[in-house]
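Residues 118 to 373, numbered by my numbering, are exactly what the sequence shown covers, in order.
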Amino acid sequence: MTHEEVEVGVLGPVSVSGLPFAFHRAAARELVIYLAFHRGGVRHSEWSLALWPERPVSLATVHSTASDARRALGRAPDGALRLPCGSVLRLHASVVSDVDRFAALSRSQTKEGWIEAAGLVRGPLFGGLRRADWAILEGVQAHVEALVVHTVLQAAEAFWRDGRAADAEWIVRRGLLASPYDERLYRLLLLALAAQGNRIGMRAAMAQLLVVSKGARATFRAWNARGTDALWPRPTELCQELLRQWPAPGGVPARL
């Protein structure tokens with residue numbers, strides 16, 4: 118982001134940085150975030166439904182929300198309003214998102230670019246958004262998550278093959294912030310940890326996989342009854358195999 122840009126952040130807790138003025142209404146910030154992922158522009162009836170899906174709101178509320186967003190965004194370096202008036206709201210090109218930056222760095226196909234891209238991931242995607250329904254229902258969150266995971270998998274595999282296991286581990290952990298249930302990330306995490314001889318970390322990774330898995334209560338009931346193989350056979354089998362390859366002190370093969 119340059120000093121002339123406003124950036125919408127969704128690769129973690131949502132934020133809008135670089136504003137010349139502060140928002141007065143929480144909904145105005147949410148509107149800017151929504152518009153950042155609808156670059157073609159949206160009508161008032163569309164974005165108001167996305168921000169208030171549970172109830173219709175008055176035209177006064179709609180107009181005051183848009184006005185507050187327009188005031189906070191101010192003008193671009195070329196003098197144009199970053200949120201022009203009109204029946205269709207569309208952001209100026211000087212309003213960007215961290216997803217845009219992530220995608221550009223990902224396309225660089227360089228290890229330095231991958232590391233910089235992964236560093237943009239700060240936590241769960243769209244975290245703290247008051248109304249995240251639209252991001253889920255419209256597939257926006259799934260698209261962003263897929264972009265992050267694809268980049269992280271590509272980068273981690275390259276680092277692991279090059280013997281840079283610590284970098285592979287770091288970048289996988291960034292990916293897990295965005296997609297904590299992806300089994301492919303855990304497999305690469307186990308490989309990276311094994312390459313570093315980190316047996317404790319491998320066990321912790323398997324425990325984390327169980328904790329964050331969908332249907333946690335059912336997962337733990339099944340785990341207690343049948344063991345971890347019944348739940349996540351591929352990561353568990355990989356972990357067992359890797360632990361056998363790294364003997365415990367005294368030469369005794371490790372067991373899960």
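The beta carbon of each residue, even a glycine, is placed where N, CA and C say it ideally should be. Nothing here was measured: the structure is a model prediction, and the numbers come from that model.
Contacts around residue i, its chain only, beta-carbon distance under 6 Å, and the 5 residues preceding and following it disregarded
i    : result
V125 : V133, I150, A153, S214
L222 : G230, E233, A234
G344 : Caution applies to G344, whose pLDDT of 45 falls short of 50 and renders its modelled position unreliable; the model cannot decide the point.
A273 : A285, I288, V289, L305
D217 : none
A98  : Past the edges of the chain, shown from 118 to 373, lies residue 98, and the structure says nothing about it.
P297 : V329
Own chain partners of residue i with C-beta closer than 7 Å, once the 5 adjacent residues on each side are dropped
i    : result
G245 : P130, V131
T268 : S223, W231, A234
H141 : D185
DSSP bridge partner residues for residue i (one or two, in chain order)
i    : result
V269 : Answer is none; V269 lacks a bridge partner.
E124 : S134, V213
Straight-line gap, residue i to residue j (C-alpha atoms, nearest Å)
i    : j    : result
V205 : H180 : 12 Å
L128 : G230 : 16 Å
P173 : L166 : 7 Å
A144 : E121 : 24 Å
R304 : T227 : 23 Å
G240 : A295 : 6 Å
A322 : E262 : 20 Å
R247 : E147 : 8 Å
E163 : E255 : 12 Å
R281 : G236 : 17 Å
G158 : S225 : 29 Å
V238 : D279 : 23 Å
L168 : L198 : 22 Å
L302 : T178 : 44 Å
I253 : I317 : 36 Å
R320 : A220 : 33 Å
A324 : L176 : 51 Å
A275 : N315 : 20 Å
Proximity winner among the options, relative to residue i (alpha-carbon distances)
i    : options                : result
D195 : S211, S296, S184       : S211
E171 : A324, I317, W251, L305 : W251
A311 : H260, L200, W277       : W277
L293 : R316, L264, N315, I317 : L264
R160 : A275, L208, A273, Q325 : L208
A183 : G203, E255, A193       : G203
Q313 : S175, W287, W169, V328 : W287
A139 : G158, R290, R187, T178 : R187
V402 : L307, L254, R291, A282 : Any answer about residue 402 is impossible in this case: the structure gives the chain only from 118 up to 373.
H155 : L200, S175, A193       : L200
Contacting residues, own chain, Cβ-Cβ under 8 Å from residue i (five flanking each side not counted)
i    : result
A249 : F243, Q258
L136 : V123, A189, L190, G191
D299 : V266, G292, L293
A283 : A309, Q313
Residue i Cβ short of 8 Å to the ligand GDP heavy atom set
i    : result
S175 : Of the ligands one can find in the structure shown there are none, so the ligand GDP has no counterpart to examine.
* Pick out the complete alpha helix (DSSP H) segments inside the stretch 230 to 268, 4 residues or longer, and give them in chain order. => The qualifying runs are 250 to 254.
* Considering only residues of the stretch 135 to 161, which uninterrupted alpha helix (DSSP H) runs meet the minimum length of 4 residues and lie entirely inside it, listed in chain order? -> Taking only runs of at least 4 residues, the alpha helix (DSSP H) segments lying wholly in the stretch 135 to 161 are 143 to 153.
* Please go through the stretch 169 to 209 and give each complete alpha helix (DSSP H) segment of 4 or more residues, from N-terminal end onward. => The stretch 169 to 209 contains these whole alpha helix (DSSP H) runs: 176 to 190.
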